[in-house]
Amino acid sequence: MGKGSKNRVKGNLRPASSTSAAEALSSAPSLSSSSSPSLSPAGAAAVFNPFEAAGAVYSTAGSPAPHRGQLLSSSTTSLAVSGTQLDANLVVLVRNLSKRAPTTKVRALDELNAYVDGNDDGALAGLAVVWPKLFNRLAGDTDRRVRQAAHAAHRNLTCRLGRRVAPMLREISGTWVSGRFDTHREVAKAATDSLAGVFPGGKLKDALAFCQAELLKYSRENALEKTAEMLST
Numbered sequence: 713m714g715k716g717s718k719n720r721v722k723g724n725l726r727p728a729s730s731t732s733a734a735e736a737l738s739s740a741p742s743l744s745s746s747s748s749p750s751l752s753p754a755g756a757a758a759v760f761n762p763f764e765a766a767g768a769v770y771s772t773a774g775s776p777a778p779h780r781g782q783l784l785s786s787s788t789t790s791l792a793v794s795g796t797q798l799d800a801n802l803v804v805l806v807r808n809l810s811k812r813a814p815t816t817k818v819r820a821l822d823e824l825n826a827y828v829d830g831n832d833d834g835a836l837a838g839l840a841v842v843w844p845k846l847f848n849r850l851a852g853d854t855d856r857r858v859r860q861a862a863h864a865a866h867r868n869l870t871c872r873l874g875r876r877v878a879p880m881l882r883e884i885s886g887t888w889v890s891g892r893f894d895t896h897r898e899v900a901k902a903a904t905d906s907l908a909g910v911f912p913g914g915k916l917k918d919a920l921a922f923c924q925a926e927l928l929k930y931s932r933e934n935a936l937e938k939t940a941e942m943l944s945t
């Protein structure tokens with residue numbers, strides 16, 4: 713039988729390897745108490761309580777964040793959100809991040825960094841709600857410049873949020889962790905740096921355990937179910 717042609721990602725640029733991401737999970741503690749003594753009931757509480765304590769908190773104002781389902785549809789970003797106030801600058805940024813042109817997205821991500829640096833925690837609450845779906849799409853872009861800029865902006869935002877990143881952690885975990893295995897060194901470094909910034913020391917191991925089910929699902933879907941065309945859109 714002749715050698716079949718391999719599926720290629722649009723632009724001949726491949727984001728992270730799902731298989732590599734799955735292999736990385738082998739070092740994470742299992743969520744099953746029978747297979748991992750390190751996650752006994754007491755140990756599990758130590759891992760999960762900080763995340764549960766963060767709960768629905770996104771800002772120091774004390775008001776719970778709106779559910780992300782109110783904010784984003786599966787294909788487009790909705791800016792008419794009940795209970796969420798997005799300022800005019802953020803609205804423009806979100807729209808530009810949804811454009812097709814890579815240069816527009818990279819420029820918008822640079823502007824997003826300036827927005828994060830120049831606003832208080834209350835202003836970042838709205839961004840924290842819209843960011844997960846934006847990040848998942850931008851960090852999987854076929855253009856390596858967009859992926860690198862997305863991880864850099866993600867580091868800036870998540871370091872500002874600190875433990876308040878917990879409500880979005882499971883939703884973004886697959887994209888975030890797999891970025892460490894991007895075929896472009898600069899992208900992989902940006903993803904690795906962002907993880908190290910939010911989860912210093914041994915905290916990354918706890919985060920992997922917390923998101924284990926989502927990470928395995930992400931790896932399985934990307935390796936076995938999604939086509940090259942699906943991954944490049």
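Counting with our numbering, you get residues 713 to 945 for the letters of the sequence shown.
Glycine residues also receive a C-beta, built at the ideal position from the N, C-alpha and C atoms.
Counting C-beta neighbours from all protein chains within 10 Å, is the total for residue i 16 or more, i.e. buried, or is it exposed?
i	result
A865	buried
A800	exposed
P879	buried
A908	exposed
G830	exposed
R875	exposed
D894	buried
G774	Confidence is the limiting factor: at G774 the pLDDT is only 36, short of 50, which leaves the residue's position unreliable and the question unanswerable from this model.
Figure out for me which residue from the options has the closest Cα to the Cα of residue i.
i	options	result
W843	S890, L881 and G913	L881
D853	T816, R875, D833 and L873	T816
N825	A878, T870, K811 and V889	T870
A840	P912, S810, R812 and L802	L802
E823	R812, V804 and A837	V804
Q953	A800, S885 and A908	No information on residue 953 is available, as it lies outside the stretch 713 to 945 that the chain covers here.
K845	E883, G830, K811 and S890	E883
R849	V877, K811 and A921	K811
L836	N868, P814 and F911	N868
E926	V889, Y827, V806 and A862	V889
L928	T887, A903, D905 and N808	T887
L798	G838, P912 and L916	G838
D832	H863, L873, A861 and L809	L873
G891	V910, K915, A851 and A813	A851
Using the three-state DSSP reduction, which class does residue i fall into: helix, strand or coil?
i	result
A861	helix
T887	helix
S810	coil
P844	helix
T816	helix
F911	coil
N831	coil
A935	helix
H866	helix
A851	coil
C871	helix
R720	At R720, the pLDDT of 49 sits below 50, so the modelled position is not reliable; the number obtained from the coordinates is stated separately. Coil at R720, not helix or strand.
L928	helix
Just checking residue i against the ligand MN - is the residue's beta carbon closer than 7 Å to any of the ligand's heavy atoms?
i	result
K917	Ligands in the displayed structure: none, and consequently the ligand MN is not present.
The segment 845-859 touching the segment 884-901, judged by at least three CB pairs closer than 8 Å:
yes
**Asked** Counting pairs of Cβ atoms below 8 Å between the segment 930-937 and the segment 899-915, do you hit three or more?
**Response** Cβ pair count under 8 Å is below three, so no.
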